[in-house]
Structures are given as C-alpha cells and as structure tokens.
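K.L.:
Take this structure first; my questions come after.
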Amino acid sequence: MTVMTAEQIEHFLDEVFPQRMGKIESVGEMCATMRLTVGYEHLRPGPRVSGPTMMGFADVALYVAILAQIGPEAMAVTSDLNCHFLRAASGEHDIIAHARLIKLGRRLAVGEVQIFSASDDTKPVAHITASYALPDSPTGQPPR
Numbered sequence: 037m038t039v040m041t042a043e044q045i046e047h048f049l050d051e052v053f054p055q056r057m058g059k060i061e062s063v064g065e066m067c068a069t070m071r072l073t074v075g076y077e078h079l080r081p082g083p084r085v086s087g088p089t090m091m092g093f094a095d096v097a098l099y100v101a102i103l104a105q106i107g108p109e110a111m112a113v114t115s116d117l118n119c120h121f122l123r124a125a126s127g128e129h130d131i132i133a134h135a136r137l138i139k140l141g142r143r144l145a146v147g148e149v150q151i152f153s154a155s156d157d158t159k160p161v162a163h164i165t166a167s168y169a170l171p172d173s174p175t176g177q178p179p180r
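Counting in our numbering, the sequence shown runs from 37 upward without gaps.
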C-alpha cells in the first residue's frame with residue numbers, strides 16, 4: 037500500500053527538489069511511472085536524448101517510487117546507480133520511466149528503471165539499477 041499519492045509527492049518535491057525532471061504519471065505498490073517532455077537542454081547531437089538526462093530522470097523516478105512507499109523523506113539519497121544505454125532515444129518524443137523497487141528495507145532501497153521513448157513503448161532505450169540509502173526512522177521500524 038502506498039502512503040503518498042502522485043499529487044502529494046509532486047507537492048513535496050516542489051518544496052525540496054524543485055529542479056527535478058519530469059512529471060509523475062502514477063505511483064503504485066513498489067513502483068512509479070514518470071514522463072519527461074524532452075527539451076533542447078536534454079539533447080545531444082543527433083538530436084538524441086543525452087545520457088545524463090536519462091540517468092537523472094531514472095534517479096528521480098526511483099526516488100518517487102520510494103517516496104510513495106515511505107512518505108516524505110528528503111534525505112533518502114542515491115548510493116549507487118548503474119546505467120545501460122540500449123539504443124538511441126529520439127529527441128523528438130517524450131521519454132517515459134517505469135521504476136520498480138526490488139527491495140525496500142530499513143536502511144536500503146534497491147530498484148530498477150526502464151526508460152522508453154513515447155514513440156515506442158515496447159523497446160527500452162535504457163535500463164538502470166540503483167540503490168538508495170534511507171535515513172534511520174525514529175521508531176527503528178522499516179519506513180512503511
């Protein structure tokens with residue numbers, strides 16, 4: 037069961053992380069989906085969506101999936117991120133991130149993100165795995 041809605045997370049992020057990329061489309065049990073409207077600042081020659089854009093976007097999507105499960109926690113921070121670029125993402129279309137948590141413990145969250153071009157939602161353009169360090173909860177219990 038989620039503890040925050042997409043709208044609540046958007047409001048929280050407006051306060052603590054206003055420079056983030058993308059908009060939340062949905063959150064669910066251990067998952068989140070986001071969309072990024074690709075702009076000039078996200079492009080490399082080609083025009084293709086840049087690698088740093090996709091990695092940053094994936095990082096935000098996983099953070100959103102975590103927030104949906106644990107609630108508003110500004111200090112849940114990325115501790116590791118690994119990205120595999122699978123094919124070029126055209127700069128002419130939005131990109132969509134599907135984040136899924138694999139493990140959510142007291143101190144560590146691990147997840148994966150697949151990024152797709154909105155023009156083709158059958159073949160991912162990138163696959164990202166990442167972990168987040170979670171702060172101690174006041175009760176010592178898992179943040180659920």
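Virtual Cβ for every residue (Gly too), placed ideally from N, Cα, C. From a predicted model like this one, the values you see are computed outputs, not experimental measurements.
How should A2 be labelled, buried or exposed, when 16 other C-beta atoms within 10 angstroms of its C-beta is the threshold for buried?
P.N.:
Nothing can be reported for residue 2: it is not among the residues displayed for the chain, which extend from 37 to 180.
K.L.:
Flag V85 as yes when its Cβ comes closer than 7 Å to any non-hydrogen atom of the ligand PLP, and as no otherwise.
P.N.:
For the structure depicted, the ligand PLP is absent and the ligand set is empty, with no information on it obtainable.
K.L.:
By the three-class DSSP mapping on this structure, what secondary structure does L137 have?
P.N.:
In the structure shown, L137 sits in a strand (DSSP, three-state: E or B).
K.L.:
On the criterion of 16 or more Cβ atoms from any shown chain inside 10 Å, does G21 qualify as buried, or is it exposed?
P.N.:
Here the chain covers residues 37 to 180 and nothing more, so residue 21 does not appear.
K.L.:
I'd like to know if the segment 103-112 and the segment 149-162 are in contact, where contact means that at least 3 CB-CB pairs between them fall below 8 Å.
P.N.:
Short answer: they don't touch.
K.L.:
Please list, in chain order, all residues of the same chain as V39 whose beta carbon is under 8 Å from its beta carbon, the five residues on each side excluded.
P.N.:
The answer, listed in chain order, is A104, Q105, I106, G107 and R180.
K.L.:
With H, G and I counted as helix, E and B as strand and the rest as coil, what does DSSP make of Q150?
P.N.:
The answer is strand: DSSP assigns Q150 an E or B state.
K.L.:
Leaving out the 5 sequence neighbours to the left and right, which residues in its chain are closer than 7 Å to T114 when beta-carbon positions are compared?
P.N.:
For T114, where only same-chain residues beyond five positions count, the Cβ hits under 7 Å are D95, A166 and Y168.
K.L.:
Under the three-state reduction of DSSP, which class applies to G58: helix, strand or coil?
P.N.:
The answer is coil: DSSP assigns G58 none of H, G, I, E or B.
K.L.:
How far does the beta strand (DSSP E) with H163 in it reach, from first residue to last?
P.N.:
First-last of the beta strand (DSSP E) with H163: A162 to A169.
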